[in-house]
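Protein chains in written order, with full-length UniProt numbering: chain A, 1 to 204; chain B, 1 to 204. C-beta: ideal position from N, C-alpha, C; glycine also. From a predicted model like this one, the values you see are computed outputs, not experimental measurements. Everything below concerns the one structure shown next.
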């Protein structure tokens with residue numbers, strides 16, 4: 001963590017104090033999109049005007065960075081999910097837990113309504129659907145790679161169905177969050193419990 | 001399949017030709033609600049007027065049967081999900097497959113957008129949330145009972161986490177449908193594959 005920052009940091013991906021004004025405006029714009037969706041506004045109803053007003057920037061600032069609303073929504077969803085974790089690459093169990101937890105960060109939970117609020121529109125609107133897949137597929141692919149590595153090393157069964165296993169790892173977490181089932185299946189150690197239950201059947 | 005039907009069929013639950021006019025109107029009203037939601041209308045936007053117009057009935061016909069919109073929506077979701085299957089009660093595996101398949105009927109799939117379209121509003125609106133829980137909890141309880149029975153008979157591990165296992169059985173199906181992942185995890189034998197994968201880790 002280096003608290004110092006100069007203008008040469010402009011291209012860096014990680015947040016740092018003192019980063020240039022543009023990055024601050026970008027973050028305010030993306031947070032404004034997430035706040036509006038989280039309050040229950042539909043993607044259709046979220047206008048560039050409303051985002052600009054909420055973020056305290058001019059519309060031109062938004063249009064300079066994002067060619068259209070789909071691109072802005074895609075970046076907002078990416079920002080909500082946060083960066084993919086650095087995987088230790090040692091045990092399949094630890095890597096899978098890290099991947100599930102990466103979708104359950106406090107930041108992602110703060111915007112827990114966003115995925116649910118986007119879903120109806122993702123289904124209706126092909127451009128939004130493509131946007132959503134473009135955001136989630138690289139994340140899904142990382143989990144596939146961990147599962148394939150486990151098969152290759154012999155940690156996992158040779159005949160494991162990778163796609164089905166991925167659904168078994170990610171599905172319960174999504175449903176528990178979206179249907180607000182925390183009273184039935186608590187958040188504590190959620191990722192560990194799911195991974196251990198899946199691995200009990202998936203181990204070689 | 002008996003094509004004959006008399007007026008003594010009035011109290012029966014299954015559809016039959018020639019059943020009384022009230023049942024026909026009820027069905028038209030519930031289908032109208034599902035169609036409007038399935039087209040992407042929000043629950044807030046679905047008005048009694050719009051339902052009456054779509055179903056070809058007067059508003060009074062609706063108000064005679066349902067005290068308010070939440071009760072009408074609850075019945076529509078119940079109708080979409082269809083009756084719970086008769087469980088053979090022999091093997092845990094067969095019963096779990098039947099329960100997952102009961103949520104994946106052609107009728108339920110025809111209205112595949114409805115759950116997704118309701119979700120944002122279920123989250124925002126407490127009355128709708130309670131309505132949704134009242135519809136899904138009895139169904140979830142049936143699955144819990146099958147799992148508890150399996151623990152009691154020794155088919156399932158004594159230390160099985162029933163709530164977590166339920167989430168592992170129902171979560172993948174919901175996510176595959178809602179995120180339209182049929183290209184990655186096909187519908188064919190979906191229930192069997194999930195149940196077998198879960199049981200591999202859950203069996204005693």
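Coil, strand or helix - residue i by DSSP
i, result
"residue 36 of chain A", "helix"
"residue 173 of chain B", "helix"
"residue 206 of chain A", "Outside the shown range of chain A, which is 1 to 204, sits residue 206 of chain A, and nothing can be said about it."
Terminal residues of the alpha helix (DSSP H) in which residue i lies
i, result
"residue 75 of chain A", "69-81"
"residue 188 of chain B", "Run containing residue 188 of chain B: none; DSSP gives neither H nor E here."
"residue 92 of chain A", "92-102"
"residue 119 of chain B", "112-124"
"residue 61 of chain A", "59-65"
"residue 52 of chain A", "48-55"
Contacts of residue i in chain A (Cβ-Cβ under 9 Å)
i, result
"residue 34 of chain B", "Correct list: empty, because the minimum Cβ distance to chain A is about 14 Å."
"residue 91 of chain B", "None at all; the shortest Cβ gap to chain A is about 17 Å."
Contacts of residue i in chain B (Cβ-Cβ under 7 Å)
i, result
"residue 185 of chain A", "163, 164, 167"
"residue 149 of chain A", "Here the premise fails: no neighbours, minimum Cβ distance about 19 Å."
"residue 40 of chain A", "120, 124"
"residue 178 of chain A", "119"
Spatial neighbours of residue i in its chain, beta-carbon cut-off 7 Å, leaving aside the 5 residues before and after
i, result
"residue 202 of chain A", "156, 157, 160, 165"
"residue 93 of chain B", "195, 199"
"residue 13 of chain A", "Here residue 13 of chain A scores only 43 on pLDDT, less than 50, and its place in the model should not be relied on; the value that follows carries that caveat. No residues qualify anywhere along the chain."
Residue i versus residue j - alpha carbon distance
i, j, result
"residue 170 of chain A", "residue 75 of chain B", "30 Å"
"residue 86 of chain A", "residue 132 of chain B", "38 Å"
"residue 72 of chain B", "residue 147 of chain A", "45 Å"
"residue 31 of chain A", "residue 55 of chain A", "8 Å"
"residue 90 of chain B", "residue 65 of chain B", "39 Å"
"residue 136 of chain A", "residue 84 of chain B", "34 Å"
"residue 182 of chain B", "residue 174 of chain B", "12 Å"
"residue 150 of chain A", "residue 185 of chain A", "28 Å"
"residue 44 of chain A", "residue 143 of chain A", "31 Å"
Within chain B, partners of residue i - CB distance below 9 Å
i, result
"residue 170 of chain A", "171, 172, 175"
"residue 193 of chain A", "161, 164"
"residue 110 of chain A", "Residues of chain B passing the Cβ test: none, with the nearest at roughly 14 Å."
Proximal chain B residues relative to residue i, where beta-carbon distance stays under 8 Å
i, result
"residue 113 of chain A", "120, 123, 124"
Close-in-space but distant-in-sequence residues of the same chain around residue i (CB under 8 Å, 5 per side omitted)
i, result
"residue 97 of chain A", "191, 192, 195"
"residue 51 of chain A", "29, 32, 33, 36, 62, 72"
"residue 120 of chain A", "42"
"residue 140 of chain B", "166, 170"
Sequence-distant residues of its chain with Cβ nearer than 6 Å to residue i (five each side left out)
i, result
"residue 7 of chain B", "Residue confidence is low: residue 7 of chain B scores 39 on pLDDT, short of 50, so the model does not pin down where it sits. No coordinate-derived value is stated."
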